[in-house]
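Protein chains in written order, with this note's numbering: chain A, 1 to 91; chain B, 1001 to 1657.
Just below is one structure, and these are the notes that go with it.
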């Protein structure tokens, strides 16, 4: 009798292992797929960010154009070039 | 006879067996067909359904100046196209697109009527336009990513950098010359796709592979280029000239620091400018150098010891007939020394030096200085000038070539040749690209200074420098080229232009030029200024020399060459942190002043701020030592004491608090 009970117990334990193992496998596959989506989104985002970074750099370069800065300095801020005797060089 | 009974059981078995057998053969055959014969095709079909292919447009590298300022940048923009078969409401689509893109509606309608499945609407549109069109969600209208080239500094160095066409192909300048390096490769980014068409990464994520585009760093200096362009445009406008050009080079290395042609164009919209403005005059235009060329005659004469600086030549009082031609001077001269011939730029004097030199010898030096051959500056469209072999020279040619008539050169040749005088005798190969890096920033190729040949000895170069300095001294033709506080060696040039139709030389069309280097004793920059057909005056000393002066005045301090008399204050890390003072008055230690000779009386400086005190003693030639900061509390020597150049003056500062 007790031998039979042991067998049934063993059977159920094995079944439990089997079920939990399968469930774990399915869960891990779902995780992999989920991560796949996340990676693909992240890659896309990275590309978009790199592009917008480049765009911003271009904007900086455009704003740093000497023609533009000189125009600002001379016309709006009324700056002039210093005469040689007005220059003191600090080293 | 009893008929043999049919064993139906056996028949059924045979029937079923053969049925199974044939089914099996059929299945195997079909499998063979699918798995072996049609394998490739089916694999591809599956891949198309499982995977999404994102075409990545080739990146194009950035062009930088030598201080890593961006000069040409590519960024991704949208290009809009239509699939006319899928367009629903053509009238509305045409109307909307035309108003956003500012296009002709008729032409647009024509394109939308097309039966093709792909029709460009407009390429490389602005992000704003793209988002406006996307918002409308027009059926049949889609977008593609393409790279667009931007030149953030607009017209700056447009001729040298060049531009690219619609298909990212370099068409001019560095963009053309280094097109292969700059352009990356097109490639496709493959990603998995689920049943709904969403992208998903399965297995190894495919990261973006290297696109193999390279970045180019020029030898150009954005600051110098800006100064040069501003000044040349100002001058061309002032003299209502046809055009102008400037080339600046580092004589020791051959690095081109600036190169400008005027009128210029904006490479962002190059198509709106006439194509003749795209030409880089500095390397492709050949012109007669006029008196500028006397420099090289003089160098050859000194090297060959044909004439020394103090040898005298009779300048025929301004009119000298050789064969059938009469040579004139701008002003009449009698006897002039060789030095004076260069200083006053006498044509007759130069002719006589040339005659003494002889055809063959002079020709040898003309070639040695690099005239008549390309300088191999790495830019497209370089001219090599016109230098004939003495065998073909007319009898008078030796005389005229001596003062730069009957020979044609390019701007870059002149600059390279003058650099050989400035740097002690070496002809350097001019170059515009300093290094090429890959996308990670690792240098893949770097360019080093390259000596073409030694042209003259160091001694001759020194003598030439002294000779060219007299030109910019008082009374010389290039007087106006000297910025205050510097020494310049240079030469003016005024050349009559050749009349292409009539033959002979024009009476009213000139090329005015000035070329020189500064500082004369330790040259940091060689500069050539040429103004094409100025009106009002034509003399190089009046038209081109002031441009030279204006450019040098701004460029030399940038190259760390300060004019004489500049106050240089050494700033020490503040050793007295407890003394909190404001602004610029935290100067300590030493001051050097380097101008003035006479004895002067020491002024009273007590109570003055550092700036005021220093400007009071500036120019007296004193060596000034300062300590502390704030206002002057103590000075030595005391006020009223007579001091001399080179005396040491101590100033003690203390802040009022």
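Idealized CB from N, CA, C, for every residue including glycine.
Cβ neighbour criterion (16 or more within 10 Å) applied to residue i
{"i": "residue 1244 of chain B", "result": "buried"}
{"i": "residue 1227 of chain B", "result": "buried"}
{"i": "residue 82 of chain A", "result": "exposed"}
{"i": "residue 6 of chain A", "result": "exposed"}
{"i": "residue 1139 of chain B", "result": "exposed"}
{"i": "residue 1351 of chain B", "result": "buried"}
{"i": "residue 1519 of chain B", "result": "buried"}
{"i": "residue 1180 of chain B", "result": "exposed"}
{"i": "residue 1007 of chain B", "result": "exposed"}
{"i": "residue 1386 of chain B", "result": "exposed"}
{"i": "residue 1023 of chain B", "result": "exposed"}
{"i": "residue 1218 of chain B", "result": "buried"}
{"i": "residue 1431 of chain B", "result": "buried"}
{"i": "residue 1507 of chain B", "result": "exposed"}
{"i": "residue 1161 of chain B", "result": "buried"}
{"i": "residue 1524 of chain B", "result": "buried"}
{"i": "residue 17 of chain A", "result": "exposed"}
{"i": "residue 10 of chain A", "result": "exposed"}
{"i": "residue 1141 of chain B", "result": "buried"}
{"i": "residue 1012 of chain B", "result": "exposed"}
{"i": "residue 1183 of chain B", "result": "buried"}
{"i": "residue 1190 of chain B", "result": "exposed"}
{"i": "residue 1577 of chain B", "result": "The predicted model places residue 1577 of chain B with a pLDDT of 42, which falls under 50 and marks its position as unreliable; any figure quoted below should be read in that light. Burial call: exposed."}
{"i": "residue 1628 of chain B", "result": "buried"}
Those residues which DSSP pairs with residue i across a bridge
{"i": "residue 1335 of chain B", "result": "B/1314"}
{"i": "residue 1532 of chain B", "result": "B/1243, B/1511"}
{"i": "residue 1151 of chain B", "result": "For residue 1151 of chain B, which the question treats as bridged, DSSP gives no partner whatsoever."}
{"i": "residue 1668 of chain B", "result": "Because residue 1668 of chain B is not part of the residues shown, which for chain B are 1001 to 1657, the question remains open."}
{"i": "residue 1249 of chain B", "result": "B/1256, B/1526"}
{"i": "residue 30 of chain A", "result": "Answer is none; residue 30 of chain A lacks a bridge partner."}
{"i": "residue 1564 of chain B", "result": "Per DSSP, none; premise fails for residue 1564 of chain B."}
{"i": "residue 1386 of chain B", "result": "B/1408"}
{"i": "residue 1144 of chain B", "result": "B/1079"}
{"i": "residue 1287 of chain B", "result": "B/1409"}
{"i": "residue 1652 of chain B", "result": "B/1627, B/1634"}
{"i": "residue 87 of chain A", "result": "Bridge partners of residue 87 of chain A: none, in fact."}
{"i": "residue 1261 of chain B", "result": "B/1245"}
Spatially closest choice to residue i from the options, by CA coordinates
{"i": "residue 1267 of chain B", "options": "B/1199, B/1642, B/1173, B/1212", "result": "B/1173"}
{"i": "residue 1658 of chain B", "options": "B/1182, B/1652, B/1126", "result": "With chain B represented from 1001 up to 1657, any question about residue 1658 of chain B goes unanswered, as that position is not in the structure."}
{"i": "residue 1478 of chain B", "options": "B/1528, B/1011, B/1490", "result": "B/1490"}
{"i": "residue 1064 of chain B", "options": "B/1081, B/1150, B/1087", "result": "B/1150"}
{"i": "residue 1130 of chain B", "options": "B/1400, B/1415, B/1102", "result": "B/1102"}
{"i": "residue 982 of chain B", "options": "B/1392, B/1446, B/1365", "result": "The question about residue 982 of chain B has no answer, for chain B in this structure spans 1001 to 1657."}
{"i": "residue 1370 of chain B", "options": "B/1569, B/1380, B/1451", "result": "B/1451"}
{"i": "residue 1349 of chain B", "options": "B/1646, B/1559, B/1363, B/1321", "result": "B/1321"}
{"i": "residue 1212 of chain B", "options": "B/1011, B/1061, B/1219, B/1272", "result": "B/1061"}
{"i": "residue 1234 of chain B", "options": "B/1344, B/1488, B/1541, B/1261", "result": "B/1261"}
{"i": "residue 1289 of chain B", "options": "B/1642, B/1187, B/1539", "result": "B/1539"}
{"i": "residue 1080 of chain B", "options": "B/1383, B/1456, B/1119, B/1193", "result": "B/1119"}
{"i": "residue 1284 of chain B", "options": "B/1514, B/1379, B/1494, B/1513", "result": "B/1379"}
{"i": "residue 1137 of chain B", "options": "B/1025, B/1503, B/1108, B/1097", "result": "B/1097"}
{"i": "residue 1332 of chain B", "options": "B/1315, B/1496, B/1455", "result": "B/1315"}
{"i": "residue 1236 of chain B", "options": "B/1259, B/1250, B/1263, B/1247", "result": "B/1263"}
{"i": "residue 1069 of chain B", "options": "A/51, A/27, A/70, A/64", "result": "A/64"}
{"i": "residue 1408 of chain B", "options": "B/1384, B/1423, B/1421, B/1397", "result": "B/1384"}
{"i": "residue 40 of chain A", "options": "B/1656, B/1382, B/1051", "result": "B/1051"}
{"i": "residue 1076 of chain B", "options": "B/1114, B/1125, B/1100", "result": "B/1125"}
{"i": "residue 1619 of chain B", "options": "B/1568, B/1328, B/1127", "result": "B/1568"}
{"i": "residue 1116 of chain B", "options": "B/1122, B/1091, B/1087", "result": "B/1087"}
Residue i: CB within 7 Å of a non-hydrogen atom of the ligand FAD
{"i": "residue 32 of chain A", "result": "With respect to the ligand FAD, the structure offers nothing, as it holds no ligand at all."}
Exercise. Which residue spans inside the stretch 1071 to 1136 of chain B form an unbroken beta strand (DSSP E) run of at least 3?
Worked result: 1119 to 1125
Exercise. Does the count of Cβ pairs from the stretch 1367 to 1375 of chain B and the stretch 1427 to 1435 of chain B closer than 8 Å reach three?
Worked result: yes
Exercise. Using 8 Å as the Cβ pair cut-off and three pairs as the minimum, do the stretch 1631 to 1651 of chain B and the stretch 1605 to 1615 of chain B touch?
Worked result: yes
Exercise. Mind pulling the beta strand (DSSP E) runs of 3 or more residues that sit fully within the stretch 1423 to 1502 of chain B?
Worked result: 1426 to 1428, 1433 to 1438, 1443 to 1446, 1451 to 1454, 1489 to 1498
For this session: Just list the alpha helix (DSSP H) runs in the stretch 1348 to 1380 of chain B, keeping only unbroken ones of 4 residues or longer that don't cross its boundaries, in chain order.
Result: 1359 to 1368
Exercise. Using 8 Å as the Cβ pair cut-off and three pairs as the minimum, do the stretch 1146 to 1162 of chain B and the stretch 1219 to 1235 of chain B touch?
Worked result: yes
Exercise. For the stretch 1389 to 1408 of chain B against the stretch 1467 to 1484 of chain B, are there 3 or more C-beta pairs whose distance is under 8 Å?
Worked result: no
Exercise. Do the stretch 1433 to 1452 of chain B and the stretch 1528 to 1539 of chain B make contact, defined as three or more Cβ pairs closer than 8 Å?
Worked result: no
Exercise. Can we say the stretch 1193 to 1203 of chain B touches the stretch 20 to 38 of chain A, given the rule of at least three CB pairs closer than 8 Å?
Worked result: yes
Exercise. Counting Cβ pairs closer than 8 Å, one from the stretch 1322 to 1329 of chain B and one from the stretch 1298 to 1309 of chain B, do we hit at least three?
Worked result: no
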